[in-house]
Each structure stands twice: as structure tokens, then as C-alpha cells.
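Chemist: What follows is a structure written as C-alpha cells; I'll ask about it next.
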Amino acid sequence: MKTKFIFVTGGVLSSLGKGLAAASLGALLKARNISVTIQKLDPYINVDPGTMNPFQHGEVFVTDDGAETDLDLGHYERYLNISLSHKNNTTSGAIYNNVIAKERRGDYLGGTVQVIPHITDEIKRFVLALGEGEDAPDVAIIEIGGTVGDIEGLPFLEAIRQLRSDLGRDNCLNIHLTLVPYLRAAGEFKTKPTQHSVKELLSIGIQPDIILCRCEQVMPEDLRKKIALFCNVDPDAVFCSIDVGNIYELPLSFFEEGFDQKVAIMMRLPARNAHLEPWREMVYNFAHPKGEVTIAIVGKYVDLKEAYKSLHEALMHGGVANRVAVNLRYVNSEQIDEKSAATLLAGVDGILVPGGFGYRGVEGKVNAIRYARENRIPFFGICLGMQCAVIEFARHVAGLEDANSEEFDKNSANKVIYLMTEWYDVHTKNVERRNETSDKGGTMRLGAYPCKIAPDTRAAEAYGTDLVHERHRHRYEFNNAFKDVLAEKGLVYSGVSPDDSLVEIVELKDHPWFLGCQFHPEFKSRPMQPHPLFRDFIRAAVEQKAKN
């Protein structure tokens with residue numbers, strides 16, 4: 045096996061930035077012309093995050109093949125500019141599920157099934173699969189979710205301990221990210237949290253090769269030497285992961301520290317110079333905008349920004365493409381009614397309504413969309429945002445006063461959005477049938493589907509092509525029974541499935557920029573390759589602001 049494995053663990057507390065650190069290292073290695081893939085192992089018992097509340101877990105990131113994954117995979121794709129799959133994320137729930145299924149089939153020949161070796165072997169099988177095949181990467185970076193000491197994470201840590209023994213020291217590297225707090229009252233850094241975290245890791249049998257210290261500012265050299273001494277690592281293997289103004293500055297910060305150079309030396313990787321000029325240019329453009337716009341995000345998960353992580357980043361990418369800073373105003377859709385819309389949305393240059401599930405906050409989204417349409421403010425609706433745009437148009441333009449989604453009102457006579465009971469799944473190549481009693485984790489249209497773009501539309505202007513593939517995550521679809529009546533009133537279907545059975549994009553012609561899409565374009569936006577719809581939405585906001 046040619047692939048070398050880098051394992052990234054974390055200690056002390058969560059949200060230190062393991063995902064960003066892993067993604068940044070991957071970006072630096074890729075800049076050295078080293079092929080890289082990256083994987084997240086999550087210790088929670090859910091089979092995947094698809095049914096988890098965004099307030100608990102944040103965004104669910106969807107891959108081309110329809111896997112519902114951890115939001116860190118969004119960072120991975122954005123930093124490495126690659127498309128990942130179900131092979132790049134698993135959970136304790138999925139691992140145990142696989143092992144139990146094998147036991148039921150008799151694969152273990154009646155033997156006693158245990159955490160070691162059966163669970164750990166399944167974890168190792170999942171990790172090692174990254175190094176199989178002719179297109180296996182030079183390096184696979186594996187991030188272990190949670191923190192050292194979490195009981196649910198122990199099988200994953202035991203698995204990577206075994207892998208180092210299985211593959212040899214030259215083929216495995218352990219990086220441990222930990223906290224080095226700075227106590228302002230005492231005026232000094234404190235290394236005890238790091239020492240205790242490494243001690244916990246050592247008790248499991250894992251000796252870190254590199255310690256990455258999350259801190260507010262660069263640590264003095266004597267402090268690094270102290271950490272190296274007490275944690276049994278080389279003095280030049282202690283690095284700072286300092287707070288940065290923009291997350292895309294992190295790879296450059298690591299590069300200045302020599303982080304990737306140390307990794308390359310320890311793993312005996314080719315000694316190549318990192319080509320970082322495109323990355324530097326992108327970061328420079330982030331830091332030096334020529335103007336600014338304010339975009340309102342009208343949703344119901346606004347109290348947890350992680351719930352809209354990819355959306356936030358895609359808007360930033362659109363700003364970079366137009367050389368403007370994008371100021372985000374998160375507006376709780378439950379607070380918007382016909383009277384408060386003008387107050388809550390006053391002064392914004394664009395309004396974006398994102399996806400979501402459930403009825404809570406839907407009427408507020410409809411009110412926000414009406415305000416955008418009537419006041420000619422650039423509007424972008426995504427997934428449920430597009431469905432709400434159809435509902436609003438049907439009610440207030442087409443005169444279908446009780447228009448609604450079947451998800452919210454089963455008694456409506458005008459279900460302009462409804463649950464399709466039969467559809468063709470491009471991933472399984474089967475006709476799928478579903479109903480409301482199906483398992484919630486298996487009733488959605490997930491992953492990349494083709495979309496045919498109509499000429500002479502906003503969508504065509506943005507994409508510059510007549511066929512695209514975009515990622516979906518939803519259960520309900522546009523009801524074609526209302527296609528003609530809404531078209532007569534001015535609704536344009538600028539994107540449909542190749543067989544014309546599914547409406548994917550709607551827009552209005554007599555508006556500065558009004559577009560809703562059934563899919564999630566934010567999942568395919570990259571800092572150096574902004575998604576065309578976000579690019580044009582921000583451009584419209586810039587132009588509208590100039591007119592006003």
C-alpha cells in the first residue's frame with residue numbers, strides 16, 4: 045500500500061479546530077503536488093447526522109453520492125478543491141451497524157463479537173479503504189472526532205494505535221491538537237491542559253509525533269521547548285494554531301510555521317516547494333474588498349451559525365468574486381410577519397432564504413420573500429427557500445390564497461409543493477417509492493442530480509452551460525399540476541430535470557434578481573471557484589445597492 049496515513053486527534057475541549065487544521069494541512073500538502081484525501085471518524089451512535097437537529101450538530105453536508113456527513117467535510121472539499129463521498133465519513137453507529145449485520149449473517153462463524161477485534165477491525169477496514177485502488181492518494185488524513193478521554197471515542201483511538209503497528213512508523217503520523225490558554229490576569233500561557241491531554245493519549249498507547257497548540261497568539265520559543273520536554277516530542281514538532289482573522293489564512297499561518305515541512309520530513313514525503321500563490325491571492329482579495337453589501341439570511345437556526353456553515357462560506361466566496369465584503373444579517377424567520385418585515389429587513393442589499401425542515405418559521409420566510417419581490421430586492425431561495433418562493437408567488441400573484449406545501453398543510457386545495465411517492469434515483473438506478481411512514485433517514489432525494497438549464501434565463505447567464513449537476517437534500521417537490529397556471533402569471537422554470545419531470549430552478553424576469561433552486565449550491569462553492577449562483581446573487585446585490 046503506497047498511501048501514508050496522518051491521524052489528527054484533539055484534547056481538552058471540542059471546537060478547537062481539528063477539522064480546519066486537518067483541511068489546512070491537506071491544502072499545504074496538495075500545494076506540494078502530493079495527492080491527498082481526508083476522512084472524518086465521528087464517535088456518536090447516530091448512523092449519520094442526517095436526522096440530527098442542526099442546533100446540536102450544525103450543518104449536514106451532502107456529497108455527490110448522497111451521503112449525509114459531518115460539516116467538516118465541507119471544509120475538506122473547500123480547502124482541497126476535491127469531491128468526497130461516503131468513504132470519507134463514518135460514525136460509531138455506522139461501524140456497529142455493519143458489525144451487527146455481519147454477525148446476523150453469520151460472518152463471524154458463531155464467535156463472540158467484541159469491541160476488540162471486531163469493532164476495531166471494522167474501523168481499520170474503513171480507514172484502509174482510502175488506500176485501495178489505482179487512484180489511491182499519497183496521503184490520507186484521518187480526523188478523529190471528539191476529544192481524548194471520551195468513552196465513545198476509545199474504539200477509534202485503539203484502531204489507529206493498531207494501525208501504526210500494522211503499517212509501520214514511516215507510514216503513520218499522529219498529530220494531537222490541544223489547548224494552550226493565555227491567562228490575561230497572570231500574563232502567561234499555561235501548558236498543563238496540554239500535558240494532561242497528552243498523558244491521556246499516552247495511556248491509550250498513542251505517542252503524538254506532532255503537537256499543534258491552539259492559542260490566541262504565537263507562543264515564545266521556551267514554552268514550545270517546555271511542551272516538547274514534558275510531552276516527549278521533538279522541540280521542532282510543537283506548532284501554534286493561532287487565531288486568524290479569516291479561516292483561509294490558516295494554511296498560510298501553518299506554512300510560515302513550517303508545519304507542512306515537518307510533516308513531509310517525518311513521513312518521508314517528496315521534498316517539493318509549495319505552490320501557494322493562488323491561495324495568497326485569494327486571501328488578499330478577502331482582506332482587501334472594494335466595497336460591501338449586507339445580505340439577510342432568513343432562517344430558523346440563526347442562533348447557531350454552524351447550521352448554515354457552507355452557506356456562510358459560499359456567500360463569502362461570492363463576495364470575493366465581486367471584490368466586496370459580505371456582511372451577514374441573520375434574521376429569525378419566526379419574528380417576521382407582514383408588518384415587521386420592513387423593519388427587520390430594512391437596509392439589506394439582498395435576501396437569502398435557506399433550506400430547513402418542519403413548519404416552524406415558514407410563514408416568516410414567505411413574508412420575507414414577498415417583501416423581496418415587491419420591493420425589488422435581490423432574492424435567493426435554496427431548497428425550502430425555493431419552495432416558499434413558489435408558495436408566496438402562488439398566493440399573492442396567482443391568487444391561490446391557500447397555496448401551501450403538503451408538508452405544512454395536508455388539507456390545502458392548492459398543494460403547490462407535494463411529496464412525490466415515486467421517483468427515479470440516479471444513484472441506485474432504481475425507481476424509489478416512499479411515504480410518510482418511511483424511516484426519516486431514507487426518504488429524501490440526496491446527492492448530485494442533473495439539471496437542464498433553459499436558455500435566456502438568469503440561471504443560464506450564471507452557469508454558461510445547458511446542463512449542470514447539483515446536490516440535493518429534500519423530500520418535497522414542485523407539483524407539476526400547477527406548472528401552467530403559475531407560468532401564466534410569470535413564474536419561469538429555468539432549470540428542470542432532463543426528463544422534464546422535476547422543477548429544479550424558478551425565477552422571475554421582471555425583477556433585478558429573483559431565483560430559487562431546489563438543490564443546495566453552497567455545497568459546491570470553493571474559495572477560489574465561487575459557485576456561479578452565489579457570484580451572480582452578490583453581483584446583483586452590488587448593482588442594486590449602487591442604484592439606491
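One point on numbering: in the numbering used here, the residue at position 258 of the sequence shown is 302, and numbering is uninterrupted.
Quick reminder that beta carbons are idealized off the backbone N, C-alpha and C, glycines included.
Predicted model, so just to flag it, every value in this text is computed and none were measured.
1. Would you check if the distance between the CB atom of residue 342 and the CB atom of residue 397 is smaller than 7 angstroms?
2. By a C-beta neighbour count over all protein chains shown, 10 Å radius and 16 as the cutoff for buried, is residue 533 buried or exposed?
3. Residue range of the alpha helix (DSSP H) that residue 398 falls in?
4. In three-state DSSP terms, what is residue 576?
5. Taking 7 angstroms as the threshold (C-beta atoms), are residue 116 and residue 84 in contact?
6. Quick one, are the C-beta atoms of residue 173 and residue 47 less than 7 angstroms apart?
7. What's the C-alpha gap between residue 493 and residue 455?
8. Using a threshold of 7 angstroms, state whether the C-beta atoms of residue 433 and residue 460 are closer than that.
9. Tell me which residues share the same chain as residue 483 and place their Cβ nearer than 6 angstroms to its Cβ, disregarding the 5 neighbours each side in the sequence.
10. Can you tell me whether residue 537 is helix, strand or coil according to DSSP?
11. Would the region 319-336 and the region 87-106 be scored as touching if the rule is three or more Cβ pairs under 8 angstroms?
12. What is the rounded straight-line gap between the Cα of residue 526 and the Cα of residue 346?
13. Work out the CA separation of residue 579 and residue 366 for me, nearest whole Å.
14. Report the rounded CA-to-CA distance for residue 540 versus residue 408, giving the unit in angstroms.
15. Considering residue 299, what are the terminal residues of the alpha helix (DSSP H) in which it resides?
16. Would DSSP call residue 483 helix, strand or coil?
17. Are the region 282-294 and the region 179-197 touching, with three or more C-beta to C-beta distances below 8 angstroms?
18. Below 8 angstroms, how does it come out for the region 211-221 and the region 116-132: are there three or more Cβ pairs, yes or no?
19. Tell me which residue opens and which closes the alpha helix (DSSP H) that residue 190 is part of.
20. Would you tell me roughly how many angstroms separate the C-alpha atoms of residue 485 and residue 315, rounded to the nearest one?
21. Do the region 356-373 and the region 569-585 make contact, defined as three or more Cβ pairs closer than 8 angstroms?
22. Of all the options 414, 429, 427 and 406, which has the alpha carbon lying nearest to the alpha carbon of residue 453?
23. I need the DSSP call for residue 552, collapsed to helix, strand or coil.
24. On the three-pair Cβ rule with 8 angstroms, is the region 200-211 touching the region 227-239?
25. Could you check the C-alpha separation between residue 298 and residue 52 for me, to the nearest Å?
26. Taking the alpha carbon of residue 132 as the reference point, which residue from 435, 112 and 590 has its own alpha carbon closest?
27. In whole angstroms, give me the CA-to-CA distance for residue 428 and residue 562.
28. Enumerate in chain order the residues of its own chain whose CB-to-CB distance from residue 303 is below 6 angstroms, with the five nearest sequence positions on each side excluded.
29. CB-CB under 8 angstroms to residue 90, same chain, minus the five flanking residues each way: which ones, in chain order?
30. Spatial neighbours of residue 557 within its chain, please: CB distance less than 6 angstroms, with the 5 preceding and 5 following residues excluded, ordered by chain position.
31. Which residues in the same chain as residue 257 place their Cβ atom closer than 6 angstroms to its Cβ, once the five residues preceding and following it in sequence are excluded?
32. Consult DSSP for residue 285 and reduce its assignment to one of helix, strand or coil.
33. Would you check if the region 564-578 and the region 512-532 touch, i.e. whether three or more CB-CB distances between them fall below 8 angstroms?
Modeler: Based on what the coordinates show:
1. Residue 342 sits at position 298 when you count from the first residue of the sequence shown. Residue 397 sits at position 353 when you count from the first residue of the sequence shown. Closer than 7 angstroms, so yes.
2. The count along the sequence shown starts at 1 and reaches residue 533 at position 489. The residue in question, residue 533, is exposed, as its Cβ has fewer than 16 Cβ neighbours within 10 Å.
3. Counted from its first residue, the sequence shown places residue 398 at position 354. Note, residue 398: premise wrong, no alpha helix (DSSP H); not H, not E.
4. Walking along the sequence shown from the start, residue 576 turns up at place 532. In this structure, residue 576 counts as helix in the three-state DSSP scheme.
5. Residue mapping note: residue 84 aligns to position 40 of the sequence shown, counting from 1. Residue mapping note: residue 116 aligns to position 72 of the sequence shown, counting from 1. Closer than 7 angstroms, so yes.
6. Sequence index remark: in the sequence shown, residue 173 carries index 129 (1-based). Sequence index remark: in the sequence shown, residue 47 carries index 3 (1-based). No; because the gap between Cβ atoms is not below 7 angstroms, this pair is not in contact.
7. Against the sequence shown, residue 493 aligns to sequence position 449. Against the sequence shown, residue 455 aligns to sequence position 411. C-alpha separation (whole angstroms): 31 angstroms.
8. Counting from one through the sequence shown, the residue named residue 433 turns up at place 389. Counting from one through the sequence shown, the residue named residue 460 turns up at place 416. Contact flag unset, no.
9. Along the sequence shown, read from residue 1 onward, the residue named residue 483 stands at position 439. For residue 483, the predicted model reports a pLDDT of 46, less than 50, meaning its position is unreliable; a value from the coordinates is still stated below. The answer is none, since no qualifying residue turns up.
10. Position 493 of the sequence shown, counting from 1, holds the residue named residue 537. Reduced to three states, the DSSP call for residue 537 is strand.
11. no
12. Here residue 526 refers to the residue found at position 482 when the sequence shown is read from its first residue. Here residue 346 refers to the residue found at position 302 when the sequence shown is read from its first residue. Their Cα atoms are separated by approximately 32 angstroms.
13. Taking the first residue of the sequence shown as 1, we reach residue 366 at position 322. Taking the first residue of the sequence shown as 1, we reach residue 579 at position 535. Their backbone Cα atoms lie some 7 angstroms apart in a straight line.
14. Residue numbering aside, residue 540 sits at position 496 when the sequence shown is read from its first letter. Residue numbering aside, residue 408 sits at position 364 when the sequence shown is read from its first letter. When rounded, the distance between both Cα atoms is 27 angstroms.
15. Translated into positions along the sequence shown, residue 299 becomes position 255. Element bounds for residue 299: 294-301.
16. Numbered from its first residue, the sequence shown carries residue 483 at position 439. Residue confidence for residue 483 is low, a pLDDT of 46 falling below 50, so the modelled location carries little weight and cannot support an answer.
17. no
18. no
19. Stepping through the sequence shown from its first residue, residue 190 is reached at position 146. First-last for residue 190: undefined, no H or E at that position.
20. Position 441 of the sequence shown, counted from the first residue, corresponds to residue 485. Position 271 of the sequence shown, counted from the first residue, corresponds to residue 315. Model confidence at residue 485 stands at a pLDDT of 43, short of 50, so the residue's coordinates are unreliable and nothing is read from them.
21. yes
22. Walking along the sequence shown from the start, residue 453 turns up at place 409. Measuring from the Cα of residue 453, the nearest candidate turns out to be 406.
23. One-based indexing of the sequence shown puts residue 552 at position 508. Correct three-state label for residue 552: strand.
24. no
25. As a working note, residue 298 is residue 254 in the sequence shown. As a working note, residue 52 is residue 8 in the sequence shown. Rounded to the nearest angstrom, the two C-alpha atoms are 15 angstroms apart.
26. For the purposes of this step, residue 132 is identified with residue 88 of the sequence shown, where counting begins at 1. Of the candidates 435, 112 and 590, the one whose C-alpha sits nearest the C-alpha of residue 132 is 112.
27. Here the question's residue 428 lines up with position 384 in the sequence shown. Here the question's residue 562 lines up with position 518 in the sequence shown. Cα to Cα, the separation comes out at about 7 angstroms.
28. Translated into the one-based positions of the sequence shown, residue 303 becomes position 259. Correct list, in chain order: 283.
29. Position 46 of the sequence shown, counted from the start, is the residue given in the question as residue 90. So the qualifying residues of the chain are 96, 135 and 137.
30. In the sequence shown, residue 557 corresponds to position 513, counting from 1. These residues qualify, in order along the chain: 422 and 584.
31. Numbered from its first residue, the sequence shown carries residue 257 at position 213. Excluding sequence neighbours, residue 257 sits near 224 and 284.
32. Numbered from 1 along the sequence shown, position 241 holds the residue referred to as residue 285. In the structure shown, residue 285 sits in a strand (DSSP, three-state: E or B).
33. yes
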